Amino acid sequence: MPEPVSPIRPTDAEARETARGLLDAARIGALGVVHPETGLPHVTRIAVGRAPCGTPMTLISTLSL
Numbered sequence: 033m034p035e036p037v038s039p040i041r042p043t044d045a046e047a048r049e050t051a052r053g054l055l056d057a058a059r060i061g062a063l064g065v066v067h068p069e070t071g072l073p074h075v076t077r078i079a080v081g082r083a084p085c086g087t088p089m090t091l092i093s094t095l096s097l
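Whatever position you read off the sequence shown (first residue = 1), add 32 for the numbering used here.
Below, the structure is given as structure tokens:
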């Protein structure tokens, strides 16, 4: 059986530019967690964006798991 190929690729300038483009175009994302009471997966839609300095960010309230 062949060795599995790692999905992790080197982070180069092209990868960074692609990530910036995706973050600039996206307004929503998904956040997945394991529900603390049931142990089941829980996914919710969240707002995403970039801070003026370019750092990815999201605003999550205390209502979130």
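Think of the CB as a built atom: it goes at the ideal place given N, C-alpha and C, for glycine as much as any other residue.
All values derive from a computational prediction rather than experimental measurement.
#1: Report the rounded CA-to-CA distance for GLY71 versus PRO42, giving the unit in angstroms.
#2: Tell me, which residues are paired with ARG32 by DSSP?
#3: What would DSSP say about ARG41, mapped onto helix, strand or coil?
#4: Output the distance between the C-alpha atoms of MET89 and PRO39, rounded to the nearest integer angstrom.
#5: Where do the ends of the beta strand (DSSP E) carrying THR87 lie?
Taking the geometry as given:
#1: 33 Å
#2: The requested residue 32 is not part of the displayed model; the chain covers only 33 to 97.
#3: coil
#4: Between MET89 and PRO39, the C-alpha separation is close to 24 Å.
#5: Element bounds for THR87: n/a, residue is neither H nor E.
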